[in-house]
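Residue numbers (this note's numbering): 676 to 1165.
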């Protein structure tokens, strides 16, 4: 059984709690601290004279720093703070409302992990397929290097140090009580918006061990110099993105093609059609007093334009078109951009500052004769509102520059890369690293900690509850070990 189950059955099993970290999880940091003092100094932490003799030593300073963190670090609303002891320290934890997912922040590093799980099956007995979106935010000064080296025999067993934060005696008997969203709806990941002071990573994964990182790079094309040698492209900014669940960015297609890479000139949302919905009569599902009438459709109180006039398809080599979220289903936005502009890819900018979605196909209006099937739609991704505005600002800046210099060949290009997540056989680890199977999800953060979520049979028939555990790891050595012996095995 899990450590949390042990703690829930009896809160007084000192003799059974062999692991100091587990002791800290259930009884607080004093148990861990006293064990450390006895081991190091052969004295009791409660002995005032002994403690006075230790003034100036680093352990005392570390405890003071811990108290400063407790007092001075603000918590995200809705989270609960837990002291995991030892090197792990304090964590702020919460579960999502209205969807299956979690938010975890290691207080001392400021690093956060957030995940939304998209469950396909009804109950634990046929729980085989799910996908999930992971968002990581790490302060640049706290990004850990690729941890490596050391004798394989010295690797720490992850399970010997794993600790469940799930406290006994609370209503949170499980971190996740299944609240399944309607099939075809958008799945909110509640990802924090990116800022210049954080390194943000977005990973999409499935239950079969496949995971992909999504990034958009803005580039200024290099020109040939006087000696006809090429100049390298200038990378202006790299921003994370969330792939949609349909078309070429659907997980099955990403697995089949081992990801994708697309480069094209990028265009900001068009003034006459920022939402990308103004093409043909809107379907009945799009309207209805500003309410969402079907899964996958986000109505913002305004229906798509009733204009049936078709625009001429542009003569170009393919562009990457930006549109804003709202007014029509995501898949209809993508289809419209394909019909009107023959786009190579579409970027949807979210309308809410602190949220990012996994875009699903929802319900399509009737296809026209020239409409492509879903599999042939251009790739589509979502970016946060802030990141989307940053892209638009860069594009507008260069457009203004071109007008002043009468130069119209100096456009901004973008590269959309959706690539497999880190290879555990290399020292070049890109954090976080995601490992998954049909029985668990594991996310390894860069600062020696991680999160595991496992499905459990729910109390209600054919439902699933999720449990979450916080664990420590020693970097690439742990990952290599897991490559040979899955951690999910008993």
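C-beta atoms are modelled at their ideal positions from N, C-alpha and C, and glycine is treated no differently.
Excluding five sequence neighbours on each side, which residues of the same chain lie with their C-beta closer than 6 Å to the C-beta of residue i?
i: residue 1092; result: 890 and 936
i: residue 815; result: 874
i: residue 931; result: none
i: residue 1026; result: 1000 and 1001
i: residue 918; result: 879, 889, 924, 1056 and 1093
i: residue 916; result: 889, 891, 1056 and 1058
i: residue 1129; result: 1115 and 1142
i: residue 1009; result: 1021, 1052 and 1055
i: residue 926; result: 806 and 881
i: residue 1168; result: Residue 1168 falls outside the range modelled here, since the chain spans only 676 to 1165, and no answer is possible.
Relative to the C-alpha of residue i, which residue among the options is closest?
i: residue 1065; options: 1076, 1024 and 1075; result: 1024
i: residue 1021; options: 1112, 1028 and 1011; result: 1011
i: residue 751; options: 761, 777, 760 and 763; result: 777
i: residue 912; options: 1096, 1152 and 1087; result: 1087
i: residue 881; options: 920, 910 and 1031; result: 920
i: residue 758; options: 779, 1015, 1073 and 909; result: 779
i: residue 1126; options: 782, 789 and 749; result: 789
i: residue 1068; options: 922, 1017 and 944; result: 944
i: residue 888; options: 1079, 927, 1107 and 1081; result: 1107
i: residue 1077; options: 895, 774 and 916; result: 895
i: residue 1149; options: 1128, 1120 and 1130; result: 1120
i: residue 1007; options: 910, 1035, 760 and 1153; result: 1035
i: residue 947; options: 997, 1131 and 916; result: 997
i: residue 1062; options: 771, 749, 756 and 876; result: 876
i: residue 1114; options: 884, 771 and 926; result: 884
i: residue 993; options: 1028, 1005 and 938; result: 938
i: residue 813; options: 1112, 1152, 1080 and 1124; result: 1124
Determine the extent of the alpha helix (DSSP H) in which residue i is found, giving its start and end residues.
i: residue 1064; result: 1060 to 1080
i: residue 1006; result: 1005 to 1016
i: residue 930; result: 926 to 932
Since residue i and residue j are thought to touch, with beta carbons under 8 Å apart, how far apart are those beta carbons, to the nearest angstrom?
i: residue 914; j: residue 1058; result: 6 Å
i: residue 1070; j: residue 941; result: 6 Å
i: residue 792; j: residue 1116; result: 7 Å
i: residue 787; j: residue 811; result: 7 Å
i: residue 1096; j: residue 886; result: 4 Å
i: residue 1033; j: residue 809; result: The Cβ separation is near 11 Å, so there is no contact.
i: residue 765; j: residue 782; result: 4 Å
i: residue 1052; j: residue 1016; result: Wrong, their Cβ atoms sit about 13 Å apart, outside the cutoff.
i: residue 1019; j: residue 950; result: Not a contact, Cβ separation roughly 20 Å.
i: residue 995; j: residue 1089; result: 5 Å
Considering residue i, what are the terminal residues of the beta strand (DSSP E) in which it resides?
i: residue 755; result: 755 to 758
i: residue 780; result: 775 to 781
i: residue 877; result: 874 to 881
i: residue 812; result: 805 to 813
i: residue 1089; result: 1087 to 1095
i: residue 911; result: 909 to 915
i: residue 887; result: 886 to 895
i: residue 906; result: It is not in any beta strand (DSSP E) - residue 906 carries neither H nor E in the DSSP assignment.
i: residue 940; result: 935 to 942
i: residue 766; result: 765 to 770
i: residue 751; result: Unbroken run through residue 751: none, as it is neither H nor E.
i: residue 994; result: 994 to 999
Which residues in the same chain have their Cβ closer than 8 Å to the Cβ of residue i, if we skip the five residues on either side of it in sequence?
i: residue 907; result: 897
i: residue 1105; result: 876, 888, 1096 and 1097
i: residue 1060; result: 868, 1024, 1025, 1026, 1027 and 1028
i: residue 1073; result: 895, 1085, 1086 and 1087
Using C-beta distances below 7 Å, list every residue in its chain close to residue i, excluding the 5 sequence neighbours before and after it, in chain order.
i: residue 1094; result: 887, 888 and 934
i: residue 863; result: At residue 863, the pLDDT of 25 sits below 50, so the modelled position is not reliable; the number obtained from the coordinates is stated separately. The residues are 774, 791, 1030 and 1032.
i: residue 923; result: 935 and 1054
i: residue 910; result: 892 and 894
i: residue 753; result: 769
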